[in-house]
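J.: For what it's worth, my numbering labels the leading residue of the sequence shown as 47, then goes sequentially.
Don't be surprised by glycine CBs; every beta carbon is placed ideally from N, CA and C.
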Amino acid sequence: MNPSQFEKDNAARWTRLQELLDRVEKGKQTEGVEELPQLFRQACHDLSVAQHRMYGPRLVGKLNNLAISGYRVLERRISGGWERLAMMVFREFPQAVRQERGLFWFCMAVFWLPFLFFAIWTPFDPEWAMSLLGPQGMIQMEMMYGKDTTPLDYMREEFGSNFGMFAFYIWNNVSIDLRTFAGGLLGGVGSIFIMLFNGAQIGAGTGYIHHACNPETYYSFVAGHSGPELMAVVISGMAGMRLGLSLVKPGPYDRKTALILGGRRALVLITGAALMTSFAAVIEGFWSANPFPPMVRYVFGFCIWCLTLGYLFLSGREQKHEA
47 MNPSQFEKDN AARWTRLQEL LDRVEKGKQT EGVEELPQLF RQACHDLSVA
97 QHRMYGPRLV GKLNNLAISG YRVLERRISG GWERLAMMVF REFPQAVRQE
147 RGLFWFCMAV FWLPFLFFAI WTPFDPEWAM SLLGPQGMIQ MEMMYGKDTT
197 PLDYMREEFG SNFGMFAFYI WNNVSIDLRT FAGGLLGGVG SIFIMLFNGA
247 QIGAGTGYIH HACNPETYYS FVAGHSGPEL MAVVISGMAG MRLGLSLVKP
297 GPYDRKTALI LGGRRALVLI TGAALMTSFA AVIEGFWSAN PFPPMVRYVF
347 GFCIWCLTLG YLFLSGREQK HEA
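Here it is in structure tokens:
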């Protein structure tokens, strides 16, 4: 086929693509915009054919410009703005968690088993928990959750305002998520160690409160924000383990390629975990720090836990179309 015939056979399709690109660039609503991806792929194929058959600089240049314009429009529409963020939050992130179900349950066990052990055992034998918390940790627990104290008084004195508490929790908790994630570069061992330590420390604190403090004050305070905050720690561990497994078990790829591919999957997980932690910090700074009745706090916390688990297990599921 000569260049003239090739151009004649495909000119209508190229014109249609250029028309749609122009209308999208101008911000006009248009019917048929769903044709863009297919027309763009066909134009790229035509460009490849024209280059292979050496149809001349005019035709190749025309198709090259068309392909570049199509890429810019589609890349901007797909990767930018609030639509992309919403897609990541409500679809890609929960789907990524479910796709890594093996890592999810492994990390759940690594975090929650030491938590439960220390939380249950510490009231009977508090020495281990005291060693883990240290003198400063025990003093802090008693100042926040003691028999005659509340965490609200302590935090008002420590941070001064709700926004100050929110900013501290963002910095502290997101940094824990990122350290857990980065630990995956040590073959996943770092992530496992950090999850074990955090689970044990939080469990030891919970058990010590039953031993020496006021449990109702503690549970009513943490009920609202504990769901997204603790699940974010688990998911950060998943992200780190995905990096570690990419290095330990690269499969058919070399380790560099496996790390890049695993990093893409892990990036969605750690981004979602950081957003969950930020959401928990909003609750902790602006809800948990206010003097609501304990029953109101428990009901709110139960709802947040249900929303957190429902979001992770149900959000972003593909709808099954009837035949």
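Assuming Met176 and Met184 form a contact by the criterion Cβ under 8 Å, report the distance between their Cβ atoms to the nearest whole angstrom.
T.: Sure, about 6 Å apart at Cβ, within 8 Å.
J.: Please confirm if the stretch 295-314 is in contact with the stretch 261-270, defined as three or more CB-CB distances below 8 Å between the two stretches.
T.: No: the two stretches stay apart, fewer than three of their Cβ pairs being nearer than 8 Å.
J.: In its own chain, which residues sit with a C-beta less than 7 Å from the C-beta of Ile255, not counting the 5 before and 5 after it?
T.: So the list reads Met187, Tyr191, Pro261, Tyr264, once near-sequence residues are dropped.
J.: Given that a residue counts as buried once 16 or more other Cβ atoms are within 10 Å of its Cβ, and exposed if not, what is Ala327?
T.: With 16 or more other Cβ atoms within 10 Å, it is buried.
J.: Shorter than 6 Å, the distance from the beta carbon of Leu82 to the closest heavy atom of the ligand FMN, or not?
T.: The model on display carries no ligand, and the ligand FMN is accordingly not part of it.
J.: I'd like to know if the stretch 162-175 and the stretch 213-229 are in contact, where contact means that at least 3 CB-CB pairs between them fall below 8 Å.
T.: Touching, no.
J.: Can you tell me which of the three DSSP states Thr195 falls into?
T.: DSSP places Thr195 in coil when its eight states are reduced to three.
J.: Using CA atoms only, rank isn't needed, just tell me which of Ser266, Gly356, Glu275 is closest to Met341.
T.: Nearest of Ser266, Gly356, Glu275 to Met341, Cα basis: Ser266.
J.: Could you tell me which whole alpha helix (DSSP H) segments of length 4 or greater appear in the stretch 207-277?
T.: Counting whole runs of 4 or more residues, the stretch 207-277 contains the alpha helix (DSSP H) stretches 208-228, 235-258, 261-268.
J.: For the alpha helix (DSSP H) containing Glu348, list its first residue and its last residue.
T.: What sits at residue 348 in the sequence shown is Phe, not Glu. Its alpha helix (DSSP H) spans residues 340-360.
J.: Could you check where the alpha helix (DSSP H) with Arg144 kicks off and where it finishes?
T.: From DSSP, the alpha helix (DSSP H) with Arg144 extends over 139-145.
J.: Taking Pro160 as the reference, which of Ala246, Phe338, Pro296 has the closest Cα?
T.: If we check each option's Cα against that of Pro160, Ala246 comes out closest.
J.: Please report the distance separating the alpha-carbon of Cys352 from that of Tyr344.
T.: So the two alpha carbons sit approximately 12 Å from each other.
J.: Is it right to say Gly251 is buried, meaning 16 or more other beta carbons lie within 10 angstroms of its own, or is it exposed?
T.: Counting Cβ neighbours within 10 Å, Gly251 comes out buried, since at least 16 surround it.
J.: Please report how far the alpha carbon of Thr354 lies from the alpha carbon of Glu65, in whole angstroms.
T.: The alpha-carbon atoms of Thr354 and Glu65 are separated by roughly 45 Å.
J.: Cutting at 6 Å between CB atoms, please list the residues of its own chain near Val235, excluding the five before and the five after it.
T.: Same-chain partners within the cutoff: there are none.
J.: Where Gly318 and Leu178 are concerned, what is the direct C-alpha to C-alpha distance, given to the nearest angstrom?
T.: When rounded, the distance between both Cα atoms is 30 Å.
J.: Taking Ile306 as the reference, which of Thr196, Ala89, Arg288 has the closest Cα?
T.: It is Arg288 whose Cα lies nearest to the Cα of Ile306.
J.: In the DSSP assignment, find the alpha helix (DSSP H) that holds Lys302 and state where it starts and stops.
T.: Run containing Lys302: 301-332, per the alpha helix (DSSP H) assignment.
J.: Run through DSSP, which three-state label would Met284 get?
T.: Helix.
J.: Leaving out five residues before and five after Phe136 in sequence, what residues of the same chain have Cβ atoms less than 8 Å from its Cβ?
T.: Closer than 8 Å at Cβ, skipping near neighbours: Ser361, Gly362.
J.: Would you mind giving the Cβ-Cβ distance between Phe157 and Val279, rounded to the nearest angstrom? I have them listed as a contact below 8 Å.
T.: Between Val279 and Phe157 the Cβ distance is about 6 Å, and since that is below 8 Å, they are a contact.
J.: Smallest Cα separation from Pro83: which of Arg62, Asp223, Ala304?
T.: Checked all of Arg62, Asp223, Ala304; the closest Cα to Pro83 is Arg62.
J.: Under 7 Å between C-beta atoms, does Asn336 make it to chain C?
T.: The chain labelled as chain C is not found in the depicted structure, where only one protein chain is given.
J.: Taking the C-alpha atoms as reference points, what is the distance between Cys259 and Lys193?
T.: Near 6 Å, if we compare the C-alpha coordinates of Lys193 and Cys259.
J.: Should Gly107 go down as buried or exposed, given a rule of 16 or more other Cβ atoms within 10 Å for buried?
T.: Burial call: exposed.
J.: Pick helix, strand or coil for Ala155, following the three-state DSSP scheme.
T.: Correct three-state label for Ala155: helix.
J.: Between the alpha carbons of Glu146 and His98, how many angstroms are there, rounded?
T.: Answer to the nearest angstrom: the Cα atoms are 42 Å apart.
J.: Just the Cα atoms here: how many angstroms apart are Gly249 and Arg87?
T.: Spanning the two alpha carbons is a distance of roughly 54 Å.
J.: Note down, in chain order, each residue of its chain lying with its Cβ closer than 8 Å to the Cβ of Leu85, except the 5 sequence neighbours on either side.
T.: Closer than 8 Å at Cβ, skipping near neighbours: Arg59, Arg62, Leu63, Leu66, Gly116.
J.: Over the uninterrupted alpha helix (DSSP H) stretch that includes Arg99, give me the two end residues.
T.: Arg99 -> alpha helix (DSSP H) spans 82-99.
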